[in-house]
Structures are given as structure tokens and as C-alpha cells.
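S.K.: Protein chains in written order, with the working numbering: chain A, 619 to 850; chain B, 1112 to 1593. Each residue gets a CB set at the ideal place from its N, CA and C atoms; glycine is no exception. Here's a structure for you.
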């Protein structure tokens, strides 16, 4: 009996039952843009960057299960425009000053901006007033750069077994908080936590190591995010 | 509002890239030039922006102050942060990488200024047709010279790229050291081009020297005046662009202070605030604001140092000092010659560094006892640059004070403009000649504004003549097309 398959942008690709569209595409060498998704974590579909159209329905590919004969559109002008808009909104909603950010060249948001061809956002910058919590001796949170992907929340809970981070507030006031108190130093967060590495942007950082990798040797200096695979 | 019975002549460049600059010439009741004010709106927002930011971000953030010599801010901030992390005694590889970056910057910035900005004035004359007096005019009449300028600038930028990671706004210097060494693959192309660069640098110094000597009589009356001079010098008094102690000399060359530890700069230098300018006015405390103003930059450095530790530049310096009669040269236009002496010094230093195996070392960063406050000074292409920071126990910056070279040269530029205006302002008419000569005097100091407004040698000007009540008497507008 042959493996089940689906159609991705006109190409038949196999999948293993239980896989999501994004996983099936990845196994077939097709990279679908994403931000909140991280291997090893339960997908949550919050950022919507991985949006595709499955059998005519707009879904997040990191959470939607692949199914037999499903027709998936990924690389289409309207979906690309939608992804661009989502990423643009993330840029203007926070304070992302790549030029002086130590995550520059390592940052998934910045890399995605380049990959999607965003030269300058068309939307108005919000310039919110946000704080830096540097109270912890070895790590800091710069809320200016947080995109609320919940990767730190999920990693701390599911992989570090700590629940050091949580969301507080609603709507535009939603932010990452140290779960045990108002300041990072009051939590169980530690410099060796995997949650620190989970941050796709420059929001959750180890102290005193910024800029130690020279320009030219940073992960996204030579190869775009997602590599050279198809998909945008 | 100025409480004066005289008139004001306002020369106002209308474009703004680095900032907005204008010149106000104040007349007395008889219509004679009383004094002049050169305004640069250097918005000091950076000192506020970086409050609350982690200290290791500062060297990368503050260099965005400028696109011409960002390396100066990058290195000054990095040197301050070296002290914050207790790593001011760098490894040989780190110190030499930073010096190479700095000399590369000095080389490219000085080449840019001389060839692109100053050479049209020097080659064609201050009063020549503005339609030809620009870098394209130089390219048409002296194609070899224009080509040299471009290639020398590119060479310096390439040095910055291999030391800082990027030609503009790199990240090479980090607290306590650097993030890379120099690979042989990066070094060898630079070594290959070195002899040509040295040869061109020598020819350029010769050009600047011959110009100055040929015009020495007229330049004495062109925006020139005796003044104090300040610069970093090495412990043995040698010219040092990257590190050292502060030395100030008076118009006779006598020391006002010497080998001052940068950490103590506030004991020797104060800043005065004036209501009509965003710029502060630094002065030597012991002399007070009236007499304590000083010049910085190439002229001040060559005047203040005891010697230059590279042979070709030292030979030039000796001729320079001989022409000045063994005292500090008062000539505003001698900035150009001094700048080219430094260009030659920079390429000699680059030569020595590129042959130094320490640059291939792998020991890049040191750390020591943490401090909460630090001052660092470098000699930027345009002059002495101070960075002063306080950092709290959470690693966040709580205070920053930057004194940039254009600020120190504020009063000297005012004096130069006043001196030129006394010669060239005729009655109430704002002539082309006046504008041209004011431009040339300001440009000698190479303020950051110069490249923003005269990349093509055509300073856009809006000139107004107003009486004491503010009524418009005359106006002359020149747009960027002349």
C-alpha cells in the first residue's frame, strides 16, 4: 500500500498520518515560513505566519493535520501578501531597531523580513513604550522586541519544567512576564534554560555575550532563513 | 531675541542630513562685523536613547550618530566599556585590531575630505565658478587625482570592513576586546595595495604642503588666529590617535595641562551652554570660558604632539613646525596640510600593523573587575572625542555624556567665520564671494556638516539680512544647483 499524499502547490508530497501540513512539507523539502513554531514544542498556531490554504480554507500549517488528497496552496501572491502583512505588523507593533540589536543576523523576525522582501513597512510604527527587565544577573527581557510567540513560555513549561514565563494582560497590553513575580530576578529562570535559546528575536537574552559573533559569520549572513528550499 | 542695536546676517543651509547648520553674522550699529556664530543643530538624543540599554549594546548603537566616522564612536564607546568590564588592558591582538580599524578610518575619512570636499577649493581657488568647483570638476580637470581619492577612500573602508565586519556601522569592538582577528586572506590583498597607497599619500601631503607654502602670506589673513590646541598624546608625547593622555597647549606651545588621565577630564574641561545654540561650548577650566576655548583635530594634534612616531609623517611635521616658526600654527587653512600629514601617518601605521603577526592571534577578549563608570577618549578624524558613561548593577546605562569634536571646534569656527566676514562683507550686500569664503573657512575644520551640505561643493544657502527689530532688509537664496 502506498503512503498517503497531498498536493502542495501542484506537487504531490507524501506524509505520515498525524503530521501537520508544515511537517509534511518540511520532510518533502518545502519550507513554509513560520515564527512561533519550533521543533520539539507543541505547535500553537499563534503567529499565523505559516498560513496556507488547505482545500480552500485558510489555516495555520503548523497546527493543521495533513490529510489524504488535500490540496494545499502555499506559494501564491495573496498568501505571500498575507504573510508579509503579518510580519510587517510585528515590526511596527514593537520597537525593532535591528541596527543596534545584538540578535541582528541571528534573528528569525529580521531574517523573515529579508526573505519576504520587506524593505520598509507600509504600516505606521506604533512606537510603544516598553521596559527592559535586566534585574536578573545573567539574563534580560527587552519587551520592546517581544513578538508574543510564546516560545519561551512553552519551552520553560514543556522542556525546562519550570513555568518561568507567562503571559499577562490582554490585547495590545499583553506581554511576557516572569511568572513568579514582577521581575525576572524573582523567577526560577536560569541562564542555562532552553527557554532562553527559544526566543526567535532579541527579547530574551543572555547578558554580556552580545556581538561576540562577527558580521559575516552570523547564521543568516550567508543563507536565508529556511535555506534555499522552495517556498517563501 | 538678541538685544543688540546692530544687524544680523544669517546664512542658512537648507538641506539637512547630519543636522541643520547656519551662519549668523552679527553687525554692530555702524554695519561692521562684530562676531559670527556657526550653528549646528546636533541633536544630542543619543545620550538619552541609550539610557536603560545594556552596556554591550552601546558601541554598536552610538556609532549611528554618524555615517562618516562611526568607527570613532564605536571605538570610544568600546574603550569606555572596556573599563566597565575591567578589561582596559586589552590583548595585543585586540588592541592592534582596533588600532588598524581606527587608522583605516582616519585614512578613508581624511582622503574623503581632502579629495571630495577640499580639493576643489584648493585647486580652483575659493572664488572660482561654483559650477566647476566641485568633485566632478576635479574629476574633469585632474582625473588621476580624483581616481586616487576614490581608491584611497576605498582602501580605508576595506580595512574597516575586515576589522569591524562592515564598511559602515560594524560590530568589531566589543567590551574587553574584539570579536575577530585578521585572517591572512583578509590581510594579503591589503598588503598588495599598500605600496601604492603610501606613494599616493606622500604625493597628497606634498600637494597640501606646496599649496600652503605658496599661499602662506594670504592664508595668514584668512580666518586665522592664535588659539589653544588640545589633543591626546602618548606617554612620550608622540601623536596617538587611539589612546593616551590629554594635552593642551597655548598659542605659544606652552603646556596648559599634560598627560591628563581621561577619567579626570571633568577636572580640566567644562562645557558652557548658550541660549542660541544646541551645541555646548567646552573650555579649559583653568582659563575660563572667555580664554579657555581651544581647537581640536588635525591642526591641533600636529601642533600639540612632541613628535610623530612614523618617519615619513615626522619628516613632514618638522617642515610644518618650521614654517610655523616652532610654535603652534595659527592658520585655519593649515588644517588641510596637517590632515594630510595624518593621512601619511595612518598608512605608515597600517603598514606596520599588517606586518604584525599579533593580528592573527586568537586571544580576543579580557575581563576584570567590574566598574560602574568610565570615560574614554579617542582622536576622531575631526578631533578629540569624549565618551563618558555610568552603568548600574543590572548592566544598564544610566548616564552618558559625549563631547564631539565639532563641539570643541565651535568657537574656533565662529572666529574663523568672523574673520573671513570682516574681509569679505561689503556693506549690506550678501555677495557670492562672502558665501564662498565662509564655506571655505568652515570646511577647513571638516565639521560633520560639511559632507552633508557640500558633497558637490555647492552649499545651499538661505541668506537673510535683518535689522535689530527683525525686519528683513535683504535676502539671497542659492539652491543646491548653485
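To the nearest angstrom, how far is it from the Cα of residue 1136 of chain B to the Cα of residue 1390 of chain B?
M.R.: Residue 1136 of chain B and residue 1390 of chain B: Cα-Cα distance of roughly 17 Å.
S.K.: With DSSP run on the structure shown, which of helix, strand or coil describes residue 1126 of chain B?
M.R.: For residue 1126 of chain B, the predicted structure reports a pLDDT of 30, less than 50, and the residue's modelled location is therefore unreliable. The matter cannot be settled from this model.
S.K.: For the beta strand (DSSP E) holding residue 1340 of chain B, just list the boundary residues, first then last.
M.R.: 1339–1344 is the span of the beta strand (DSSP E), which, as asked, contains residue 1340 of chain B.
S.K.: Strictly below 9 Å CB to CB, what residues from chain A border residue 1171 of chain B?
M.R.: Going along chain A in sequence order, the residues near residue 1171 of chain B (Cβ under 9 Å) are 717, 718, 719, 720, 722, 828 and 829.
S.K.: Check the C-beta distance from residue 1198 of chain B over to residue 1478 of chain B and give it rounded, since I have them as a contact under 8 Å.
M.R.: Their Cβ separation, rounded to whole angstroms, is 5 Å, which keeps residue 1198 of chain B and residue 1478 of chain B in contact under 8 Å.
S.K.: Taking only beta-carbon positions, decide if residue 834 of chain A is within less than 7 Å of chain B.
M.R.: Taking Cβ atoms only, chain B reaches closer than 7 Å to residue 834 of chain A, which makes this a yes.
S.K.: With a 10 Å radius around its C-beta and 16 neighbouring C-beta atoms as the bar for buried, classify residue 675 of chain A as buried or exposed.
M.R.: Classification for residue 675 of chain A: exposed.
S.K.: Please name the residue, chosen from B:1187, B:1422, B:1264 and B:1181, that lies closest to residue 1498 of chain B on a Cα-to-Cα basis.
M.R.: Comparing Cα-Cα distances from residue 1498 of chain B to each of B:1187, B:1422, B:1264 and B:1181, the minimum goes to B:1187.
S.K.: For residue 656 of chain A and chain B, any beta-carbon pair shorter than 7 Å?
M.R.: Residue 656 of chain A does not count as touching chain B.
S.K.: Determine, using beta-carbon pairs with one atom in the region 1428–1444 of chain B and one in the region 1405–1416 of chain B, whether at least three such pairs fall under 8 Å.
M.R.: They touch, by the three-pair rule.
S.K.: Under the DSSP definition of a beta bridge, which residues are partnered with residue 758 of chain A?
M.R.: Paired residue(s): A:823.
S.K.: Give the secondary structure of residue 1458 of chain B by DSSP, where H, G and I count as helix, E and B as strand, and everything else as coil.
M.R.: Residue 1458 of chain B falls in the helix class under three-state DSSP.
S.K.: So, with DSSP's three-state summary, where would you put residue 1514 of chain B?
M.R.: Note: residue 1514 of chain B maps to strand in three-state DSSP.
S.K.: Looking at the strands, I want to know which residues DSSP matches up with residue 1501 of chain B.
M.R.: Note: residue 1501 of chain B sits in a beta bridge opposite B:1484 and B:1510.
S.K.: What residue range does the beta strand (DSSP E) around residue 1293 of chain B cover?
M.R.: Note, residue 1293 of chain B: premise wrong, no beta strand (DSSP E); not H, not E.
S.K.: Shorter than 7 Å from the beta carbon of residue 753 of chain A to some beta carbon of chain B?
M.R.: Taking Cβ atoms only, chain B reaches closer than 7 Å to residue 753 of chain A, which makes this a yes.
S.K.: Figure out for me which residue from B:1506, B:1526 and B:1536 has the closest Cα to the Cα of residue 826 of chain A.
M.R.: Checked all of B:1506, B:1526 and B:1536; the closest Cα to residue 826 of chain A is B:1506.
S.K.: Please classify residue 1563 of chain B: does DSSP put it in a helix, a strand, or coil?
M.R.: Only weak support is given to the placement of residue 1563 of chain B: the predicted model assigns it a pLDDT of 33, under 50, and the value that follows is read from those uncertain coordinates. If DSSP states are grouped into helix, strand and coil, residue 1563 of chain B belongs with the helices.
S.K.: Distance check for residue 742 of chain A and residue 751 of chain A, CA to CA, integer angstroms please.
M.R.: Spanning the two alpha carbons is a distance of roughly 26 Å.
S.K.: To the nearest angstrom, report how far apart residue 770 of chain A and residue 783 of chain A are at their CA atoms.
M.R.: Distance between the alpha carbons of residue 770 of chain A and residue 783 of chain A is about 7 Å.
S.K.: Grouping DSSP H, G and I as helix and E and B as strand, with all else coil, what is residue 1060 of chain B?
M.R.: The question about residue 1060 of chain B has no answer here: the residues shown for chain B are numbered 1112 through 1593.
S.K.: Tell me the DSSP secondary structure of residue 664 of chain A in three-state form.
M.R.: Three-state DSSP puts residue 664 of chain A in coil, outside helix and strand.
S.K.: What did DSSP end up calling residue 1440 of chain B once you bin it into helix, strand or coil?
M.R.: Reduced to three states, the DSSP call for residue 1440 of chain B is coil.
S.K.: Residues of chain A with CB closer than 8 Å to the CB of residue 1175 of chain B, please, in chain order.
M.R.: The contacting residues are 717 and 718.
S.K.: Report the residues of the region 1272–1301 of chain B with a CB closer than 8 Å to any CB of chain A, ordered along the chain.
M.R.: Residues 1275, 1276, 1277, 1280, 1281, 1282, 1283, 1285, 1286, 1290 and 1291.
S.K.: Around the Cβ of residue 732 of chain A, are there at least 16 other Cβ atoms within 10 angstroms (buried) or fewer (exposed)?
M.R.: Residue 732 of chain A should be labelled exposed.
S.K.: For residue 727 of chain A, which residues in chain B fall below 8 Å Cβ to Cβ?
M.R.: Under the 8 Å cutoff, chain B gives no residues; its nearest Cβ is about 18 Å from residue 727 of chain A.
S.K.: Quick check on residue 1163 of chain B - is its C-beta less than 7 Å from some C-beta in chain A?
M.R.: Chain A, which has a Cβ nearer than 7 Å to the Cβ of residue 1163 of chain B, makes this yes.
S.K.: Give a yes or no on whether 7 Å exceeds the smallest Cβ distance from residue 837 of chain A to chain B.
M.R.: No, because no Cβ of chain B sits closer than 7 Å to the Cβ of residue 837 of chain A.
S.K.: Report the neighbours of residue 1168 of chain B on chain A: residues whose CB is nearer than 7 Å to its CB, in chain order.
M.R.: Ordered by position in chain A, the residues that pass the 7 Å Cβ test against residue 1168 of chain B are 718, 720 and 828.
S.K.: Name the chain B residues whose beta carbon is nearer than 8 Å to that of residue 750 of chain A?
M.R.: In chain order: 1163, 1164, 1165 and 1507.
S.K.: Check whether chain B comes within 7 Å of residue 825 of chain A, counting only Cβ atoms and requiring the distance to be less than that.
M.R.: True, the Cβ-Cβ gap to chain B drops below 7 Å.
S.K.: Helix or strand or just coil, what does DSSP make of residue 1431 of chain B?
M.R.: Three-state result, residue 1431 of chain B: helix.
S.K.: Using a cut-off of 7 Å between C-beta atoms, extract the partners of residue 758 of chain A located in chain B.
M.R.: Under the 7 Å cutoff, chain B gives 1165.
S.K.: Relative to the C-alpha of residue 1423 of chain B, which candidate in B:1522, B:1392 and B:1457 has its C-alpha closest?
M.R.: That would be B:1457, whose Cα lies nearest to the Cα of residue 1423 of chain B.
S.K.: In chain order, what residues of the same chain lie with their CB nearer than 6 Å to the CB of residue 709 of chain A, ignoring the 5 residues before and after it?
M.R.: So the list reads 739, once near-sequence residues are dropped.
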